[in-house]
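Worksheet: one structure, shown below.
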Amino acid sequence: MRVLVVEDELDLAQAIAVGLRREGYAVDIAPDGGDALDKLEVNAYDLVCLDLNLPDVDGREICRTIRTGEFVDAAPRVLMLTARDSLEDRVAGLDDGADDYLVKPFAFPELLARLRALARRDGASRGARLEVGNLALDAARREAWYRNGSLNVTAKEFALLRYFMLHAGEVLSAERLLEHVWDEHADPFTNTVRVTVSNLRRKLRAAGADEVIDTVVGAGYRLSESP
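Each residue of the sequence shown is one higher than the last, beginning at 1026 in my numbering.
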């Protein structure tokens, strides 16, 4: 999942980014509203952590733009992170289109839980645990299994597997995977997607899961719906 952190307090933004990356998220940082709008225009984000008190464009205006704008993919979910804790501020933020509202200071585990909740809204009844055939994944614990055997995957491989499982049966292009599993620093002209898919396949095969991820020639990759 790809996250945009819009926060003008650089230390806080970096701390959030480091913590999210450890959990397997791809994270970009925007220090002000103008940069956030520029990034939203060209990148496909799944989630936005949005501060309200920004030095140029107010966070509420950015939220309204997200809800009314056109994006390279579906509009991202928005979690407002702000010190504005009055009832009026919370109501206004939600009315502007925020999906959730978290008041500073906050505990990082709660931030993670709220992001997981937002990320699974499009997945109906899916919780932190995903199951596709004999594959299982727990986003809260960052653990994955095939049958009853644990998969020893890296953070990036875990993020890639989670995205595949959320879209089981769909053909996912390398470009789409790069947009949602990697951040803006990934080089689109490298073979990073192919290499990571290859490494994930190798670990799945070692666990007994053969031919779980198919290559669709000229189109991308597809995770079997019943591996």
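C-beta: ideal position from N, C-alpha, C; glycine also. These numbers were taken from a predicted model, which means no experiment stands behind them.
How is the beta strand (DSSP E) around residue i delimited, first residue to last?
i: residue 1135; result: Taken as a continuous stretch (DSSP letters only), residue 1135 belongs to no beta strand (DSSP E), being part of the alpha helix (DSSP H) at 1133-1144.
i: residue 1240; result: 1238-1241
i: residue 1211; result: Element bounds for residue 1211: n/a, residue is neither H nor E.
i: residue 1052; result: 1051-1055
Could you spell out where the alpha helix (DSSP H) holding residue i opens and where it closes?
i: residue 1246; result: Run containing residue 1246: none in the alpha helix (DSSP H); it sits in the beta strand (DSSP E), 1245-1248.
i: residue 1191; result: 1180-1191
i: residue 1196; result: Here residue 1196 belongs to no alpha helix (DSSP H), and DSSP marks it neither H nor E.
i: residue 1251; result: Note, residue 1251: premise wrong, no alpha helix (DSSP H); not H, not E.
i: residue 1216; result: Premise fails: residue 1216 is in no alpha helix (DSSP H) and is neither H nor E.
For residue i, list the residues DSSP reports as bridge partners.
i: residue 1041; result: Beta-bridge pairing links residue 1041 to no other residue.
i: residue 1161; result: 1156, 1170
i: residue 1175; result: 1170
i: residue 1029; result: 1053, 1073
i: residue 1125; result: 1104
Here's the rule I'm using: 16 or more other beta-carbon atoms within 10 Å means buried, otherwise exposed. How should residue i be labelled?
i: residue 1205; result: buried
i: residue 1176; result: buried
i: residue 1071; result: buried
i: residue 1146; result: exposed
i: residue 1058; result: buried
i: residue 1148; result: In this prediction, residue 1148 has a pLDDT of 48, which is less than 50 and means its spatial position is unreliable; what the coordinates show is noted afterwards. Exposed, because fewer than 16 other Cβ atoms sit within 10 Å of the Cβ of residue 1148.
i: residue 1093; result: exposed
i: residue 1134; result: exposed
i: residue 1131; result: exposed
i: residue 1221; result: buried
i: residue 1076; result: buried
i: residue 1078; result: exposed
i: residue 1226; result: buried
i: residue 1243; result: exposed
i: residue 1112; result: exposed
i: residue 1101; result: buried
i: residue 1180; result: exposed
The ligand SAM and residue i: does the residue's C-beta get closer than 6 Å to at least one heavy atom of that ligand?
i: residue 1111; result: Of ligands this structure carries none, so the ligand SAM is not represented either.
- Query: Hey, which unbroken runs of the beta strand (DSSP E) at 3 residues or more fall wholly within the stretch 1060-1112?
  - Reply: 1072-1076, 1102-1107
- Check whether the stretch 1160-1172 touches the stretch 1211-1220, counting contact only when three or more Cβ pairs, one atom from each stretch, lie closer than 8 Å. no
- Pair every Cβ in the stretch 1190-1209 with every Cβ in the stretch 1237-1252, then say whether three or more of these pairs are closer than 8 Å. yes
- Message: Count Cβ pairs between the stretch 1118-1127 and the stretch 1041-1054 that sit closer than 8 Å; are there 3 or more?
- Response: no
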